[in-house]
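Chemist: Be aware that the sequence shown starts at 0, since it is given in numbering that gives the first Met the number 0, and climbs by one per residue. Quick reminder that beta carbons are idealized off the backbone N, C-alpha and C, glycines included. I have a structure here, written as structure tokens, and I will follow up with some questions on it.
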Amino acid sequence: MIRDIPHFEWLKNNCDINLGGSGIEPMDYQELEEVKTPLYEFLKIEGDEIVVTHGAQEGLFLSFLAVFDKGSKVFVPVPEYDPIVAQLELVGANIIRGKGDNPENLSYNIALSSPNNPLGYSVESLEELSENCSKLNCFVVVDETFAPFVGEYKPFPLKNVIRIGSTTKICNFKDRKAGWVIAEPEIIKRIEKVQELIAPPPIGFVEVIASTFFTNIEKVKRRAFEIVENNERIMRKYGINLIHTEHLPYAYVMADSDVPYKLKERGVLVLPGTVFGLNDGFRISLGIKDTSYVEKGVKIIADVLKREN
Numbered sequence: 000m001i002r003d004i005p006h007f008e009w010l011k012n013n014c015d016i017n018l019g020g021s022g023i024e025p026m027d028y029q030e031l032e033e034v035k036t037p038l039y040e041f042l043k044i045e046g047d048e049i050v051v052t053h054g055a056q057e058g059l060f061l062s063f064l065a066v067f068d069k070g071s072k073v074f075v076p077v078p079e080y081d082p083i084v085a086q087l088e089l090v091g092a093n094i095i096r097g098k099g100d101n102p103e104n105l106s107y108n109i110a111l112s113s114p115n116n117p118l119g120y121s122v123e124s125l126e127e128l129s130e131n132c133s134k135l136n137c138f139v140v141v142d143e144t145f146a147p148f149v150g151e152y153k154p155f156p157l158k159n160v161i162r163i164g165s166t167t168k169i170c171n172f173k174d175r176k177a178g179w180v181i182a183e184p185e186i187i188k189r190i191e192k193v194q195e196l197i198a199p200p201p202i203g204f205v206e207v208i209a210s211t212f213f214t215n216i217e218k219v220k221r222r223a224f225e226i227v228e229n230n231e232r233i234m235r236k237y238g239i240n241l242i243h244t245e246h247l248p249y250a251y252v253m254a255d256s257d258v259p260y261k262l263k264e265r266g267v268l269v270l271p272g273t274v275f276g277l278n279d280g281f282r283i284s285l286g287i288k289d290t291s292y293v294e295k296g297v298k299i300i301a302d303v304l305k306r307e308n
């Protein structure tokens, strides 16, 4: 039976000001030049090295079902995006939690986000993880949803590595989204078998959305970065210290674990660190376009933090 996902349950709270999200405010798909080039051609990979999905969540679950069995040992670092853990629980994996800098933890299968959600750090070398897992006959499943924010994003297959991407966080088209999984052909075949069984492949327009995103990626990034930079300036203006990787649409704020609850009482929603396995702060959105809305919430946050000190 599936458990409640604290991450999702908390975001259902109804507050006047919602700073709990992690993506960029939706943009109009019509602003982009639509293209119909197959996604694999644009990425310069082979057609049998990619499968298109309805989004990153689906891509993750299909991948877990394709490569892990009941009892498979899978290391998930702390902190991490909780739905990754919840999906692995549904698969029946034996989940090991701990710090990513412990060499012992790298002897198992690995599932993680890169950049990390909520702290923003990235895996230093997927190539090294690939080499290590190939020797151990293990897999790395990496959610790269936020990768387009932190440098050139041109994913390619790596041995024993499954890479999941999505348009959702950087574009967040109001009524459209696309995801993809990139891996070696043998793994893609396994994922496609699972997809055919439980989630029939999306029809062609989803791939068009993905190809359109990659064609317009510089325009999309400019818009996203401007929104993030404006919000970061507001946070700094009110003296809020952020753990933030440049351009990412979220940041982490160190604070007592009860601060998110006090903020909720004041009508401001942020995401508690506890949903990621942390007990020392909260995640805050930097992806909202309306700066007056953001500033209204930030004033309240600054006041609550000041009272805590």
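1) Distance, Cα to Cα, K11 vs N17?
2) Between G164 and P114, what straight-line distance do the alpha-carbon atoms span, to the nearest angstrom?
3) Where does the unbroken beta strand (DSSP E) through I366 begin, and where does it stop?
4) Once DSSP output is grouped into helix, strand and coil, what is the label at S21?
5) In whole angstroms, what separates the C-alpha of Q29 from that of D81?
6) Taking C-alpha atoms, which residue in A301, T52, P37 and I216 lies nearest to G150?
7) Figure out for me which residue from S21, D3 and R282 has the closest Cα to the Cα of I169.
8) So, are the CB atoms of P5 and T273 less than 9 angstroms apart?
9) Once DSSP output is grouped into helix, strand and coil, what is the label at N104?
10) What residue ranges within the region 111-183 form continuous beta strand (DSSP E) runs of no fewer than 3 residues, ordered along the chain?
11) Are L285 and G19 closer than 9 angstroms when you measure CB to CB?
12) So what does DSSP say about R282, is it helix, strand or coil?
13) Would you decide whether L64 is buried or exposed? Buried here means 16 or more other CB atoms lie within 10 Å of its CB.
14) Got a sec, what are the start and stop residues for the alpha helix (DSSP H) V90 sits in?
15) Let me know the secondary structure DSSP gives E237 once reduced to three states.
16) Taking the CB atoms as reference points, tell me whether G276 and C14 lie closer together than 9 angstroms.
17) Could you tell me which of E103, T290, I187 and K35 sits nearest to T214, measuring between CA atoms?
18) Should P102 be labelled buried (16 or more other beta-carbon atoms within 10 Å of its own) or exposed?
19) Figure out for me which residue from Q194, E206, I109 and S121 has the closest Cα to the Cα of N159.
20) Using 8 angstroms for Cβ pairs, my map puts W179 next to V66. What's the rounded Cβ distance?
21) Comparing C-alpha positions only, which one of C137, N136, K261 and L268 sits nearest to V303?
22) Name the residue from V84, K288, A223 and I300 whose alpha carbon lies nearest to the alpha carbon of R282.
23) CB-CB under 8 angstroms to N104, same chain, minus the five flanking residues each way: which ones, in chain order?
24) Please go through the same chain and pick out, in chain order, the residues whose beta-carbon is closer than 8 angstroms to the beta-carbon of K69, but skip the five residues on each side of it.
25) Where in the region 38-81 do unbroken runs of the alpha helix (DSSP H), each at least 4 residues long, occur, reported from the N-terminal end onward?
26) Where does G238 land, buried or exposed, given buried means 16+ other C-beta within 10 angstroms?
27) Do you know whose CA, among S210, L59, Y152 and F148, lies nearest R175's CA?
28) First and last residue of the beta strand (DSSP E) that includes A250?
29) Tell me whether the region 188-200 and the region 137-156 touch, counting them as touching only if at least three CB pairs, one residue from each stretch, are closer than 8 angstroms.
Modeler: Working from what's here:
1) Roughly 10 angstroms separates the two Cα atoms.
2) When rounded, the distance between both Cα atoms is 12 angstroms.
3) Any question about residue 366 goes unanswered here, given that the chain covers just 0 to 308.
4) Residue state for S21 is assigned as coil, using DSSP reduced to three classes.
5) A straight line joining the alpha-carbon of Q29 with that of D81 spans about 33 angstroms.
6) Per the Cα distances, I216.
7) Answer by Cα proximity: S21.
8) Yes.
9) N104 falls in the helix class under three-state DSSP.
10) Here the runs fully enclosed are 139-142, 160-165 and 178-181.
11) It is not a contact, given that the beta carbons lie outside the stated cut-off.
12) Look at R282 here: in three-state DSSP terms it is strand.
13) The residue is buried, with at least 16 neighbouring Cβ atoms inside 10 Å.
14) That run of the alpha helix (DSSP H) goes D81 to V90.
15) At residue 237 the sequence reads Tyr, which differs from the Glu that was named. When secondary structure is reduced to three states using DSSP, Y237 falls in the coil class, being assigned neither helix nor strand.
16) For the 9 angstroms CB-CB criterion, G276 and C14 do not form a contact.
17) The shortest C-alpha separation from T214 is found at K35.
18) P102 is exposed by the Cβ-count criterion.
19) Answer by Cα proximity: I109.
20) Contact flag wrong, Cβ pair sits at about 17 angstroms.
21) Here the closest residue by C-alpha is K261.
22) Ranking V84, K288, A223 and I300 by Cα distance to R282 puts I300 first.
23) Closer than 8 angstroms at Cβ, skipping near neighbours: F74, P76, I95, G97 and K98.
24) The residues V90, G91 and A92, in chain order, have a CB closer than 8 angstroms to that of K69 in the same chain once the five nearest residues on each side in sequence are set aside.
25) Counting only runs of 4 or more, we get 38-42 and 55-66.
26) Exposed: under 16 other Cβ atoms inside 10 Å.
27) Considering only alpha carbons, the answer is S210.
28) DSSP places A250 inside the beta strand (DSSP E), whose first and last residues are Y249 to M253.
29) At 8 angstroms Cβ cutoff, the stretches do not touch.
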